[in-house]
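One structure below.
Numbering (full-length UniProt numbering), first residue to last: 1 to 802.
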């Protein structure tokens with residue numbers, strides 16, 4: 001695909017990231033009619049503008065029940081009567097009772113209400129989220145007290161991996177069982193919970209073994225009767241036309257999830273927001289193939305406004321969505337008839353407009369009643385009471401179903417076909433693939449007699465594509481936005497970022513993010529940009545498979561991703577990018593400092609010659625840098641610690657990790673520190689050091705600075721920073737502590753608007769005249785001065801040179 005101009009101002013902005021309905025499809029006309037009808041009726045107008053029942057407008061609940069019964073006309077019946085297929089083939093229709101439905105403030109608002117009513121930060125162990133996930137839901141779970149306990153569960157072709165989910169839940173549950181004897185809980189006379197670490201209670205009684213075994217299941221912040229049901233686990237997913245992966249789960253996978261939820265006392269929360277927007281893939285593609293992408297197919301032409309005329313009709317109704325997990329839970333034998341293990345979270349945002357802030361939830365009647373007793377509803381009544389009355393009118397008159405069938409589906413079907421065709425023509429030759437999982441197919445009894453009675457169905461707002469190996473999706477997103485004014489979302493934004501837990505079966509995090517979500521209706525991460533052109537981890541760096549395990553830094557696991565620069569096999573230290581559980585770090589790894597290294601250092605010192613032990617202690621590059629940090633932190637004011645944003649400490653590295661296997665014991669040989677984030681250091685120069693012959697480089701830099709199209713103030717500021725860095729670098733180098741790893745190419749003006757820089761102690765020293773750095777007090781001053789002179793003369797060829 002060729003675009004002749006790189007000026008984004010000349011290109012219209014296209015946003016394929018947001019899951020928003022197209023503004024011109026908002027049903028303004030039908031809503032105006034609904035508002036006039038509602039406000040012209042005194043009784044209905046009063047109901048609309050006063051507080052509504054906690055459970056929601058009765059008329060809307062009734063209309064929702066009838067609408068959903070028509071939509072899910074082939075709901076999952078009892079086990080044994082359904083073919084093992086992607087959907088039920090029986091014509092049995094199970095009407096939905098209004099008692100199973102309440103009105104909500106939309107899917108996002110109701111997600112918070114569900115967590116408030118049925119989860120507990122102590123009793124509920126984890127929130128398990130399908131990954132890739134709808135990332136904005138993470139904040140809702142964080143607000144409910146589960147920050148750091150959101151766990152991503154990978155998908156396969158059929159959706160959330162049930163076997164993987166089961167193993168992860170069992171790991172968590174197994175750990176809790178091991179702690180059962182550590183504490184126990186007892187209800188006191190006034191109804192409060194007393195928690196003890198031993199068997200003695202305040203009233204003198206002794207807890208029995210049974211009480212101790214049951215203690216973890218009793219401990220919670222929330223107490224009865226206000227919270228009669230709390231779930232041990234929460235499972236969040238979008239099983240139909242998923243956001244973002246666009247997968248649709250087959251019936252077998254849905255039943256497996258329900259059985260697992262029943263077994264593990266889990267609540268399945270499903271966002272069922274896209275079920276209504278489905279269409280045949282083959283029909284639409286057939287209309288588009290062979291024609292220009294700019295030409296509109298003749299079948300179901302896209303509407304030009306938000307009107308949904310009653311005269312519009314389709315040849316046959318849209319394909320039915322598969323049964324929801326709440327349908328499977330209600331019909332599969334052996335379930336909890338009182339509370340259930342699934343709740344359907346619906347919204348009118350995608351079919352009417354997100355500004356309505358209105359949706360619904362469906363579950364067992366008892367679940368629904370409890371859901372509407374959260375504090376916000378008790379205080380203010382049903383949310384969206386006015387918009388509820390308008391939507392009720394749309395449903396009662398058939399305007400909403402007509403709008404979906406005659407306006408929304410044709411246009412989204414048309415857009416989907418064009419997008420697929422564009423991918424087929426322009427991206428597939430480059431190795432890009434559409435990745436929407438196993439095809440979702442349905443039998444169409446309403447199309448009997450046609451050549452094919454089974455059709456593949458697609459729907460929703462999103463399309464997920466996979467780039468070939470070596471293509472970085474975050475880089476594609478950046479180029480698309482910068483050069484073509486096109487916004488798309490990369491897979492790095494679709495992960496659960498707040499989980500601080502690793503599981504034994506977790507695969508290593510991918511080095512690339514090859515997936516991309518396109519919306520029918522992200523900028524590249526800074527750490528990936530900084531290391532984009534670095535090589536991968538070479539095989540020689542690993543001494544054995546054991547060393548491939550993550551490095552442990554306190555309670556954090558760090559996994560090496562790639563080196564900062566091309567690694568040099570004989571270098572005593574190398575800086576690597578490491579992926580932590582909460583972000584990225586820079587880790588400076590040191591090879592073990594052997595007796596041979598100490599002898600080489602000692603040979604360059606004049607008499608009196610210190611002991612080998614003293615030389616080894618003072619000249620080990622790892623010990624040198626850690627002592628340097630301690631002195632800088634202690635003696636330098638904050639203004640002089642300019643490149644010292646955060647130092648995390650040291651880590652254990654296997655002795656064989658970086659070679660020299662003769663060293664038998666593991667030593668503390670790693671320093672963990674931060675990498676600068678975008679904007680943190682603004683327009684700061686890249687590095688803090690140069691070698692002795694730095695004058696030519698500094699002069700060239702000033703020449704380059706003079707050519708910049710910046711204000712006089714900025715030029716003075718740059719020059720000031722340059723002089724400051726030169727002074728610090730020369731001071732550090734005069735003390736012989738830079739190891740020769742500062743090269744001319746480390747010193748220059750920012751080459752990107754992000755001004756990325758790496759925290760490295762050998763590029764970050766600051767010193768004062770009052771407190772100059774000294775290696776330590778063991779060596780006599782005369783010997784130390786001589787060592788400095790030797791280091792300065794031999795800086796390029798000494799043992800410590802990188």
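By construction, the Cβ of each residue, glycine as well, lies at the ideal position given by its N, Cα and C atoms. Here the structure is a predicted model, which is why all the values come from computation and not from measurement.
In its chain, beyond the 5 residues on either side, 467, 488, 490, 516 have a beta carbon closer than 8 Å to the beta carbon of residue 476. Comparing alpha-carbon positions, the option among 573, 51, 44, 108 lying closest to residue 379 turns out to be 51.
The three-state secondary structure of residue 159, taken from DSSP, is strand. The beta carbons of residue 232 and residue 265 sit closer together than 8 Å. Apart from sequence neighbours up to five positions away, the residues of its chain that approach residue 276 with a beta-carbon distance below 7 Å are 71, 351, 404, ordered along the chain. Annotated as distal: residue 279 and residue 104, with beta-carbon spacing of 8 Å or more. Contact check for residue 123 against residue 260 fails: the beta carbons are separated by 8 Å or more. With respect to the 8 Å criterion, residue 587 and residue 558 are classified as neighbours on the basis of their beta carbons. At the C-beta level, residue 262 and residue 159 stay beyond 8 Å of one another. Around the beta carbon of residue 413, a 10 Å sphere encloses 16 or more other beta carbons of the protein chains shown; the residue is thus reported as buried.
Counting along the chain, no beta strand (DSSP E) covers residue 227, and no H or E run does either. By the neighbour-count criterion, in which a residue is buried when 16 or more other Cβ atoms sit within 10 angstroms of its Cβ, residue 18 is exposed.
The residue from 346, 326, 349, 21 with its alpha-carbon nearest to that of residue 340 is 326. Where residue 360 is concerned, the enclosing beta strand (DSSP E) starts and stops at 359-362. Between the alpha carbons of residue 611 and residue 597 lies a gap of roughly 13 Å. For the set 271, 408, 97, the Cα lying nearest the Cα of residue 130 is the one of 271.
A distance below 8 Å separates the beta carbons of residue 372 and residue 55. Sequence-distant Cβ neighbours of residue 319 in its own chain, meaning closer than 8 Å and more than five residues away, are 278, 279, 280, 442, 444, 455, 457.
For residue 323 against residue 99, the beta-carbon gap comes to about 19 Å, at or over 8 Å, which does not count as contact. Sequence-distant partners of residue 14 (beyond 5 residues in either direction) whose C-beta falls short of 6 Å from its own C-beta, in its chain, are 486. Listed as beta-bridge partners of residue 440 by DSSP are 457. The secondary-structure analysis by DSSP pairs residue 129 across a beta bridge with 152, 236.
In the structure shown, residue 67 adopts helical secondary structure according to DSSP, grouped into three states.
By the criterion of a C-beta distance shorter than 7 Å, residue 145 is surrounded in its chain by 121, once the five residues flanking it on both sides are discounted. Fewer than three beta-carbon pairs drawn from the region 383-399 and the region 134-144 are found closer than 8 Å, and the two stretches are therefore not classed as touching. Around the beta carbon of residue 24, a 10 Å sphere encloses fewer than 16 other beta carbons of the protein chains shown; the residue is thus reported as exposed. Residue 248 and residue 226 have their C-alpha atoms spaced approximately 36 Å apart.
Here DSSP, grouped into helix, strand and coil, assigns residue 375 to helix. Residue 108 is positioned such that its CB atom lies closer than 8 Å to that of residue 140.
Here residue 152 is buried: its Cβ has 16 or more other Cβ atoms, across all protein chains shown, within 10 Å. For residue 113, the uninterrupted alpha helix (DSSP H) run begins and ends at 107-118, by DSSP. In the structure shown, residue 487 falls within a strand segment according to DSSP collapsed to helix, strand and coil. For residue 59, the CB contacts under 7 Å within the same chain, skipping 5 residues up- and downstream, are 392 in chain order.
Inter-residue distance for residue 36 and residue 354 is about 21 Å (C-alpha atoms, whole angstroms).
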